[in-house]
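Q:
Numbering (our numbering), first residue to last: 24 to 739.
1) Do residue 492 and the ligand ADP come close, with the Cβ less than 7 Å from some heavy atom?
2) Short check: CB of residue 292 to CB of residue 92, under 8 Å?
3) Once you ignore the five residues that flank residue 628 on each side, which residues in its own chain have a CB closer than 7 Å to its CB?
4) In whole angstroms, what separates the C-alpha of residue 77 from that of residue 500?
5) Please report the residue range of the alpha helix (DSSP H) in which residue 511 lies.
6) Beta strand (DSSP E) containing residue 441: first to last residue?
7) With H, G and I counted as helix, E and B as strand and the rest as coil, what does DSSP make of residue 433?
8) Where does residue 379 fall in DSSP's three states?
9) When you compare only the Cα positions, how much space is there between residue 129 and residue 312?
10) Closer than 8 Å by C-beta to residue 510: which residues in its own chain qualify, once you throw out the five before and the five after it? Chain order, please.
11) Check whether the segment 283-300 and the segment 608-626 touch, using three or more Cβ-Cβ pairs below 8 Å as the test.
12) Suppose you measure from the CA of residue 60 to the CA of residue 654; what does that come to, to the nearest Å?
13) In angstroms, rounded to a whole number, what distance separates the CA positions of residue 123 and residue 99?
14) For residue 323, name the three-state secondary structure that DSSP assigns.
15) Run through the DSSP bridge pairs and tell me what residue 691 is partnered with.
16) Does residue 241 come out as helix, strand or coil in the three-state DSSP assignment?
17) Grab the span of the beta strand (DSSP E) containing residue 23 for me, first residue to last.
18) On the three-state DSSP scale, how would you describe residue 61?
19) From what residue to what residue does the beta strand (DSSP E) around residue 682 run?
20) Determine the direct distance from the alpha carbon of residue 192 to that of residue 30, and round the result to whole angstroms.
21) Between the segment 594-611 and the segment 422-433, are three or more C-beta pairs nearer than 8 Å?
22) Measure the Cβ-Cβ separation of residue 151 and residue 164 and say whether it is below 8 Å.
23) Going residue by residue through the segment 145-218, where are the continuous beta strand (DSSP E) segments of at least 3 residues, counting only ones entirely within it?
24) In whole angstroms, what is the alpha-carbon distance linking residue 577 and residue 636?
25) Quick one: grab the DSSP three-state call for residue 535.
26) In the structure shown, what three-state DSSP assignment does residue 347 receive?
27) Among the residues of its own chain, which have a CB less than 6 Å from the CB of residue 363, if the five just before and after it don't count?
28) Have a look at residue 242 and residue 475 and give me their C-alpha separation to the nearest angstrom.
29) For residue 373, which residues from the same chain have a beta carbon less than 6 Å from its beta carbon, with the 5 sequence-adjacent residues on both sides left out?
30) Among 74, 431 and 450, which has the Cα closest to the Cα of residue 585?
31) Compare the Cα-Cα distances from residue 176 to each of 146, 439, 194 and 234 and report the closest residue.
32) Could you work out which residue in 304, 199 and 328 is closest to residue 382 when comparing CA atoms only?
33) I think residue 217 touches residue 83, with their Cβ atoms under 8 Å apart; what is that distance to the nearest whole Å?
34) Can you say whether residue 449 is buried or exposed, counting buried as having 16 or more other CB atoms within 10 angstroms of its CB?
35) On the three-state DSSP scale, how would you describe residue 372?
36) To the nearest angstrom, how far is it from the Cα of residue 75 to the Cα of residue 94?
Quick look at the structure:
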């Protein structure tokens, strides 16, 4: 997936813009050394040794069966004091968090960057930057374009000086400094898999002090985090690593061996081993997040316990992809040790989890208003119809479970006796598998009285809220516990956002399995005076919450029970890891419903509605949410109109939609595989004219037929 683009002078004279800033010099080497992805030997997220039998970390840190055990020979960029390359700049204090990354290259708009590169490794390497301007000789990438590029490949023992210009810096609406990536691009896949990458920081004029750092009166803490599934199978050093750490059982064609070498890391560390992510209450911190890798590197980065500001919006989760970067600002107001992790399910299991701490500082705050929700779980079956569709996801046979599964869900009760469940009316029936919408205004306190009516321990964890404990208490079956959540100002809408913004709550006792088993619901945070005493919005006619997620029943707590109940087979003899069986258990749902089975998406023409979009799940959960015949506004720093919105794991967004074009219309994910698998619903816009025939207007009958045709084609 590559192409050329060409820049021509088009007959006019070309002049290189004069630089107006400083010349900044950096001295960087590529060196080989052994890197340990978890040097403590401990899983700090769950407790216990990393090679503990049957733990999530065992596949990556055990050396049984020829696995390599978590330590690898790698190449790294390192910084030196001057061009003699005799005195390395050793890291200390906060800089230790950079981990495997190279030194930070910092500059301001108008500066010239000179990087003298000394290749001390045993392969040809280079340095290519994102976000900077350069001549061909200084590009640092090797490909056939008819030019001579001395810096495209620097041989072992050789040096080259790259010269780059900072022509454009952060825009008016950007933070004072933004981040990019630099990396070796002789072979971009093997070079980066071997460890050669680092951060670039480009700032507005006057932001950096004499030492090259952001001024201490503006920010007190600054962190650079690179999220990547580092595939050691693609490293230049795989053979040497097998020779040193493997044995005769190490087989490069074995899928289990290859999986054990895919290290799900933050700055080259896994399972809480990344050091020195320390902040103080009330001090300004900036987080620069970067992505690197391949198609599995879809990361939903979650900052537990506090929120950050991005594009005028308050959030606690952001999305990162290969070679992209996002800079966010945080002023923490919640003390304790919190989790910073990728919420993509496989990445969470595989160790892309770290801790950050906020030191205790004295503060006072007003006593918030309190509202209570009485919450419980119970079990149910879902996907209730379309048994006749001959599709891998819905057919029931001797080897396929079909459309119904035992699940566990959040449901609301009328009081703490938990004797009468709160009924769902027409405005709530669209929630499907999700729990009740919990709404709050900034400054309030939410009390959730929770009874566990299920058969195993669960919990209730909410994004962004302030609690007395960093991790929610697990509640055993039959027990009751009260969670108290404070809704701070920083959790509410930003100045340019909608009046209410979207978050989620779910169980984190065993995060992935709890989520796949069904425990999730929407948390909506509003500006003051947005809700009436019944917790309804004053400013909109209808509200809808939609969860786009592939429910992977293979990861459910209840898989074995569902196999026994619906297939009536001996578990010891049944092949539950067979590929077609596992694929048939991946339910591509909108609120847990497939193929237009979600009820309640009803509006009237000209209704002002708001939709709370939630994305969770795994690497498959890349969703493009499309509203047929409607358009909407989503607000960040500015208002943007669209009819498609992208959702990824950990993405939450409120959209504003004024209902138009009466009729029945498709609402679906436009990823082809997800359409085929049933991630579709119908929304209905009723005409304001009481004599109008909705099905005959604006092509809506065609939409209904189209949805039915999808089902027919899938059954063939």
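Where a beta carbon is used, it is the ideal one built from N, C-alpha and C, also for glycine.
A: Working from what's here:
1) Looking for the ligand ADP in the displayed structure turns up nothing, as the structure carries no ligands at all.
2) no
3) 682, 683, 685, 708, 709, 710 and 711
4) 25 Å
5) That residue, residue 511, is in no alpha helix (DSSP H); it is neither H nor E in DSSP.
6) Here residue 441 belongs to no beta strand (DSSP E), and DSSP marks it neither H nor E.
7) strand
8) strand
9) 16 Å
10) 391, 463, 464, 465, 466, 467, 468, 469, 488, 489 and 548
11) no
12) 46 Å
13) 7 Å
14) strand
15) 649 and 703
16) coil
17) The displayed coordinates of the chain run from 24 to 739. Any statement about residue 23 would go beyond what the structure contains.
18) coil
19) Counting along the chain, residue 682 falls outside any beta strand (DSSP E), and DSSP gives it neither H nor E.
20) 21 Å
21) yes
22) yes
23) 182-188 and 200-206
24) 25 Å
25) helix
26) coil
27) 326, 377 and 379
28) 44 Å
29) 287
30) 431
31) 146
32) 304
33) No, residue 217 and residue 83 are not in contact; Cβ-Cβ is about 18 Å, not under 8 Å.
34) exposed
35) helix
36) 17 Å
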